[in-house]
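Heads up, the thing below is written out as structure tokens.
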Amino acid sequence: MKKKKFLSLVLIGAMAAVFVVGCGKKAEDTNTDNNQSADQTETTTPDEPDDSGELIKVGIINNDPNESGYRTANVNDLQNFFTEENGYEASFAYSLKNDEQIASAQKFIQDGVDYLLLSAADVSGWDTVLQDAQDAGIGVILFDRTIDADESLYAASIVSDMAKEGETAVNWLADQGLDEYNIIHIQGVMGSAAQVGRTGALDDKVAAEDSWNIVTQQTAEWNAEKAQQIVQSVISAGTPFNVIYAENDDMAKGAVAALDAAGITHGVGKDVIVMGFDCNKWALEELLAGNWNYDGQCNPFQASYIDEVIKTLEKGEEPAEKTIILDEKGFDAETITQDDVDTYGI
Amino acid sequence: MQKKKSIFSKGGNTQLLIPIIALLILALFNLIADPGFFKISLGVNSAGDTILSGYLITILDYGSELAILAIGMTLVTAASGGQDISVGAGIAIAGSVILRVLCGGDSRAEELQAPIIVAFLIGCVVAMLFGAFNGILVAYFKIQPMVATLILYTAGRSIAAWINNNELPVIKEPKFAYFGGFIPGVPVPTTFLIALVCVVVILLVLKFTTLGLYTQAVGINESSSRLNGLNPIFVKFLAFVILGLCVGVAGLIKVSRISSINYSVIAKDIEMDAILAVALGGNALSGGKFNMIASILGAYVIQFLTTTLYKFEVQADALPAYKAVVVIILVVISSPVVSDKLSALWKKVKKTPAKEVG
Numbered sequence: 003m004k005k006k007k008f009l010s011l012v013l014i015g016a017m018a019a020v021f022v023v024g025c026g027k028k029a030e031d032t033n034t035d036n037n038q039s040a041d042q043t044e045t046t047t048p049d050e051p052d053d054s055g056e057l058i059k060v061g062i063i064n065n066d067p068n069e070s071g072y073r074t075a076n077v078n079d080l081q082n083f084f085t086e087e088n089g090y091e092a093s094f095a096y097s098l099k100n101d102e103q104i105a106s107a108q109k110f111i112q113d114g115v116d117y118l119l120l121s122a123a124d125v126s127g128w129d130t131v132l133q134d135a136q137d138a139g140i141g142v143i144l145f146d147r148t149i150d151a152d153e154s155l156y157a158a159s160i161v162s163d164m165a166k167e168g169e170t171a172v173n174w175l176a177d178q179g180l181d182e183y184n185i186i187h188i189q190g191v192m193g194s195a196a197q198v199g200r201t202g203a204l205d206d207k208v209a210a211e212d213s214w215n216i217v218t219q220q221t222a223e224w225n226a227e228k229a230q231q232i233v234q235s236v237i238s239a240g241t242p243f244n245v246i247y248a249e250n251d252d253m254a255k256g257a258v259a260a261l262d263a264a265g266i267t268h269g270v271g272k273d274v275i276v277m278g279f280d281c282n283k284w285a286l287e288e289l290l291a292g293n294w295n296y297d298g299q300c301n302p303f304q305a306s307y308i309d310e311v312i313k314t315l316e317k318g319e320e321p322a323e324k325t326i327i328l329d330e331k332g333f334d335a336e337t338i339t340q341d342d343v344d345t346y347g348i
Numbered sequence: 112m113q114k115k116k117s118i119f120s121k122g123g124n125t126q127l128l129i130p131i132i133a134l135l136i137l138a139l140f141n142l143i144a145d146p147g148f149f150k151i152s153l154g155v156n157s158a159g160d161t162i163l164s165g166y167l168i169t170i171l172d173y174g175s176e177l178a179i180l181a182i183g184m185t186l187v188t189a190a191s192g193g194q195d196i197s198v199g200a201g202i203a204i205a206g207s208v209i210l211r212v213l214c215g216g217d218s219r220a221e222e223l224q225a226p227i228i229v230a231f232l233i234g235c236v237v238a239m240l241f242g243a244f245n246g247i248l249v250a251y252f253k254i255q256p257m258v259a260t261l262i263l264y265t266a267g268r269s270i271a272a273w274i275n276n277n278e279l280p281v282i283k284e285p286k287f288a289y290f291g292g293f294i295p296g297v298p299v300p301t302t303f304l305i306a307l308v309c310v311v312v313i314l315l316v317l318k319f320t321t322l323g324l325y326t327q328a329v330g331i332n333e334s335s336s337r338l339n340g341l342n343p344i345f346v347k348f349l350a351f352v353i354l355g356l357c358v359g360v361a362g363l364i365k366v367s368r369i370s371s372i373n374y375s376v377i378a379k380d381i382e383m384d385a386i387l388a389v390a391l392g393g394n395a396l397s398g399g400k401f402n403m404i405a406s407i408l409g410a411y412v413i414q415f416l417t418t419t420l421y422k423f424e425v426q427a428d429a430l431p432a433y434k435a436v437v438v439i440i441l442v443v444i445s446s447p448v449v450s451d452k453l454s455a456l457w458k459k460v461k462k463t464p465a466k467e468v469g
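Those sequence lines, one after another, are chains A and B.
Per my numbering, residue 3 is the first one in the first sequence, and the count goes up by one each step.
Per my numbering, residue 112 is the first one in the second sequence, and the count goes up by one each step.
Structure follows, in structure tokens:
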């Protein structure tokens, strides 16, 4: 009997060990931030009665920080802002999957957070859980992405206006006053919000102006190498062009690699105007060096906006506008400074 | 017409005809549509070096990395009767390791922290280790190759991101761009030269060692090869490690092209092209006999197809659909049902003229 008990203990120990090793490996494999986030979800919310603590409890649900440089910057901004010094007690959950995000949301509701901050992986499926949050008196603030749910279910939504980003870029391009615009238009993944917004503005302008022509319009799916091949193909065909409108920095970089290989000059005062989006730090450095001409921002620094909304709600007021559009800049190679690179580079 | 049918007879050399015919069809199509496709011109790049350019050079350039992968994929296919679908993720890992070593953890490093050759070798070793991981799962634990490599397929890109702490290192050293571009004074894409070295090495290995024979023996009948004193586990394992080496080389080319990396899109779906190259080379995807040159030729044919589609401004996201059509045709043609029927037909055709002559 004793032996059996011992044996079963050993087995349990072995199983636990396997579990720990397995999990440890998995966390390491998938990404370290997940590991970190799991820890945070469990540890950063010590039980405190709601009324006595001055800290505002927020549950933040975001996408995987690995998704892109933009997401990494977004996650870092939130993590650096929602700290105890700033009067917050924050829990984080990251996932690219909607169902996992919903599960985290339910957990946060049970934990009794004051606010639920949400960047949803998918636009649909949120009604029930947001209703639960509302019933529990939890304020929901959407950031970065909108969802298909009734407006009454959330307090505010803080988003980028991709169409405006496109417009800003196209207006900048129009201000360059070229006699003729022959544009290589490299698109992102078709159907994504960023692609639709950034493409729409350019399409409208090309349709409206006679001197604006699209040399080629293809998707490189955010991929530098595909962009390189597309531009190489245009160069080989011998079609003249003077503008590269790439919907993100990576693709602009691929396009520039093709230009370099063909000995075509690009940048400030050169043959081809290069335009990118997202404001990666290395891209802004290219601007600073005059190799590119323009980079449009997609603002990942949303914490201060969220903070403002929460402060308003805490006073018992409603935010002036339900949908808050982020301020987004466009950088011109001729006016960009090192400060801009350091401040806005992601 | 007759020539085309002879592919389906069981002869060995006729296998080369599949990629060659595919190449000819594509070439003919381009010749009719626009002969300018074949124009090669000497130009000067922005570094001031004279280089060749044109669609054919693009094909040589991008086809070469595919050819390198096709070498490894052919061996894996022949030995294990399955395919490795973690090649793209493997390239992300190898590329990430190379960048990590080069910039020494500081993503904005102004100078290289290690010689490129050292970074490359470490990248290769890591890629081979991941290849070995796949190899052990397949050879020793007898897991279906596609299932076994699915693990790295899903996890690989996250591992790659983790290696560099999720940062995107940018290498400023111009020498690093040689591997995916041009070496000053050499007008041919460096990738083609690298591929040439790889092809020569593998052909020499196949000629002077028993690797090819053993691989085919294991692929055709594992248990009988064991009875004949071979070690099927080791042969399969070795195939995956060699593919790992190919992945390491391709990883260097890929990160060199843009002197940086994007974990989620680098070498995306390249495994499908590599597998397609093997299939286009007329190799049975169920393992066994293989023809290395046919696979390599198949890789260039696929790039020929891709470049042609780009030239005609087919949307990049529609490319896989066209490739899928090619795969369907290939798979159907090589299916036992069709090949039996066709070889019967071929016999008939052969007989009839023989009678007439007689």
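Here a beta-carbon is modelled for each residue, glycine too, at the ideal position from N, C-alpha and C.
Beta-carbon neighbours of A:MET192, restricted to chain B and to distances below 7 Å: One-based indexing of the first sequence puts residue 192 of chain A at position 190. The contacting residues are ASP428.
Alpha-carbon to alpha-carbon, A:ALA157 and A:ASP52: Here residue 52 of chain A corresponds to residue number 50 of the first sequence, with the count starting at 1. Here residue 157 of chain A corresponds to residue number 155 of the first sequence, with the count starting at 1. Reliability fails at A:ASP52, whose pLDDT of 43 lies under 50, so the model's placement of it is uncertain and the value that follows must be treated cautiously. If I take the Cα positions, the gap works out to 21 Å.
Name the residue from A:PHE303, A:ALA95 and A:ALA259 whose alpha carbon lies nearest to the alpha carbon of A:LYS109. For the purposes of this step, residue 109 of chain A is identified with residue 107 of the first sequence, where counting begins at 1. Minimum Cα distance to A:LYS109 is reached at A:ALA95.
One question on the structure: do B:PRO350 and B:LEU134 come within less than 8 Å of each other, judged by their Cβ atoms? Counting from one through the second sequence, the residue named residue 350 of chain B turns up at place 239. Counting from one through the second sequence, the residue named residue 134 of chain B turns up at place 23. One detail in the question is off: residue 350 of chain B reads as Ala in this sequence, not Pro. Contact flag unset, no.
Using a Cβ-Cβ cut-off of 8 Å, state whether B:GLU222 counts as contacting chain A. Taking the first residue of the second sequence as 1, we reach residue 222 of chain B at position 111. No, its Cβ sits nowhere closer than 8 Å to a Cβ of chain A.
So, is the C-beta of B:GLU424 closer than 8 Å to a C-beta in chain A? Looking up residue 424 of chain B in the second sequence gives position 313. Yes - at least one Cβ of chain A is within 8 Å of the one on B:GLU424.
Name the chain A residues whose beta carbon is nearer than 9 Å to that of B:ILE247? Numbered from its first residue, the second sequence carries residue 247 of chain B at position 136. The premise fails here: B:ILE247 is roughly 15 Å from chain A at the closest Cβ pair, so nothing lies under 9 Å.
Which residues in chain B sit within 7 Å of A:GLY265, going by Cβ to Cβ distance? As a position in the first sequence, residue 265 of chain A is number 263, starting the count at 1. Ordered by position in chain B, the residues that pass the 7 Å Cβ test against A:GLY265 are GLY154, VAL155, ASN156 and SER157.
Taking 8 Å as the cut-off, decide whether the C-beta atoms of A:LEU155 and A:ASP129 are in contact. Translated into the one-based positions of the first sequence, residue 155 of chain A becomes position 153. Translated into the one-based positions of the first sequence, residue 129 of chain A becomes position 127. Judged by their CB atoms, A:LEU155 and A:ASP129 are nearer to each other than the 8 Å cut-off.
In chain A, what lies closer than 8 Å to B:ILE162 by C-beta? Reading the second sequence from its first residue, position 51 is the one you call residue 162 of chain B. Near B:ILE162 (Cβ distances below 8 Å), the residues of chain A are ALA263.
Start-end ranges of the alpha helix (DSSP H) lying completely within the segment 241-315 of chain B, minimum 4 residues: Listed in chain order, the complete alpha helix (DSSP H) runs (minimum 4 residues) inside the segment 241-315 of chain B are 256-274.
Bridge partners for A:TYR296 per DSSP, in chain order? Taking the first residue of the first sequence as 1, we reach residue 296 of chain A at position 294. Bridge partners of A:TYR296: A:MET277 and A:ASP334.
Can you name the start and end residues of the beta strand (DSSP E) that A:THR325 belongs to? In the first sequence, counting from the first residue as 1, residue 325 of chain A sits at position 323. First-last of the beta strand (DSSP E) with A:THR325: 325-327.
Who are the neighbours of B:VAL165 on chain A, taking C-beta pairs under 9 Å? Along the second sequence, one-based indexing puts residue 165 of chain B at 54. Inspection of the sequence shows that residue 165 of chain B is occupied by Gly rather than by Val. Chain A residues near B:GLY165: SER238.
Stretch pair the segment 369-388 of chain B + the segment 188-198 of chain A: three plus CB contacts closer than 8 Å: no
Look at the alpha carbon of A:ASP35 and the alpha carbon of A:PRO67, and state the distance between them as a whole number of angstroms. For the purposes of this step, residue 35 of chain A is taken as residue 33 along the first sequence, with counting starting at 1. For the purposes of this step, residue 67 of chain A is taken as residue 65 along the first sequence, with counting starting at 1. Its pLDDT being 41, under 50, A:ASP35 is placed unreliably in this model, and the coordinates cannot settle the point.
Pick helix, strand or coil for A:TYR156, following the three-state DSSP scheme. Translated into positions along the first sequence, residue 156 of chain A becomes position 154. Reduced to three states, the DSSP call for A:TYR156 is coil.
Going by C-alpha distance, which of A:ASN282, A:VAL115 and A:SER235 is nearest B:GLN414? If you number the second sequence from 1, residue 414 of chain B lands on position 303. It is A:SER235 whose Cα lies nearest to the Cα of B:GLN414.
Would you check if the distance between the CB atom of A:VAL115 and the CB atom of A:ILE140 is smaller than 8 Å? Along the first sequence, one-based indexing puts residue 115 of chain A at 113. Along the first sequence, one-based indexing puts residue 140 of chain A at 138. Result yes, Cβ atoms of A:VAL115 and A:ILE140 sit closer than 8 Å.
If I follow the unbroken beta strand (DSSP E) through B:PHE148, where does it start and stop? Position 37 of the second sequence, counting from 1, holds the residue named residue 148 of chain B. Looking at the DSSP string, B:PHE148 is not in any beta strand (DSSP E), and its letter there is neither H nor E.
When you compare only the Cα positions, how much space is there between A:PRO321 and A:LEU315? Numbered from its first residue, the first sequence carries residue 321 of chain A at position 319. Numbered from its first residue, the first sequence carries residue 315 of chain A at position 313. Rounded to the nearest angstrom, the two C-alpha atoms are 7 Å apart.
Would you mind stating whether B:ALA189 and B:ALA388 have Cβ atoms separated by less than 8 Å? Within the second sequence, residue 189 of chain B is the residue found at index 78, counting from 1. Within the second sequence, residue 388 of chain B is the residue found at index 277, counting from 1. No.
Skipping 5 residues on each side, what residues in its chain have a beta carbon closer than 7 Å to that of B:THR161? For this step, residue 161 of chain B is matched to residue 50 along the second sequence. Within the same chain, B:THR161 has close Cβ partners LEU153, VAL155 and PRO298.
Three-state secondary structure (DSSP) at A:TYR72? By one-based count along the first sequence, residue 72 of chain A stands at place 70. It is helical.
Does the segment 418-428 of chain B come close enough to the segment 208-225 of chain B that 3 or more CB-CB pairs lie under 8 Å? no
Does the Cβ of B:PRO343 have 16 or more other Cβ atoms within 10 Å, making it buried, or fewer, making it exposed? The count along the second sequence starts at 1 and reaches residue 343 of chain B at position 232. The residue in question, B:PRO343, is buried, as its Cβ has 16 or more Cβ neighbours within 10 Å.
Give me the chain B residues within the contact set of A:PRO67, using Cβ-Cβ distance strictly less than 7 Å, ordered along the chain. The residue you call residue 67 of chain A lines up with position 65 of the first sequence. The answer, in chain order, is ASN277.
B:THR417: which of B:LYS434, B:SER454, B:GLY193 and B:ASP217 sits nearest, CA to CA? For the purposes of this step, residue 417 of chain B is identified with residue 306 of the second sequence, where counting begins at 1. Selected option, being the one with the closest Cα: B:LYS434.
Buried or exposed for B:GLY216, please, with buried defined as at least 16 other CB atoms from any protein chain shown within 10 angstroms of its CB. Along the second sequence, one-based indexing puts residue 216 of chain B at 105. Classification for B:GLY216: exposed.
Helix, strand or coil for A:ASN64 per DSSP? Here residue 64 of chain A is taken as the residue at index 62 of the first sequence, counted from 1. DSSP places A:ASN64 in strand when its eight states are reduced to three.
For A:THR218 and A:HIS187, what's the separation of their Cα atoms in angstroms? As a working mapping, residue 218 of chain A is identified with position 216 in the first sequence. As a working mapping, residue 187 of chain A is identified with position 185 in the first sequence. Whole-angstrom Cα-Cα distance: 6 Å.
On a Cα-Cα basis, can you pick out the residue from A:ALA105, A:LEU118, A:ILE143 and A:GLN112 that is closest to A:GLY127? Here the question's residue 127 of chain A lines up with position 125 in the first sequence. Out of A:ALA105, A:LEU118, A:ILE143 and A:GLN112, A:ALA105 has the C-alpha closest to the C-alpha of A:GLY127.
Measuring only between beta-carbons, confirm whether B:ASN141 sits less than 8 Å from chain A. Taking the second sequence and counting its residues from 1, one reaches residue 141 of chain B at position 30. So no, B:ASN141 is outside the interface.
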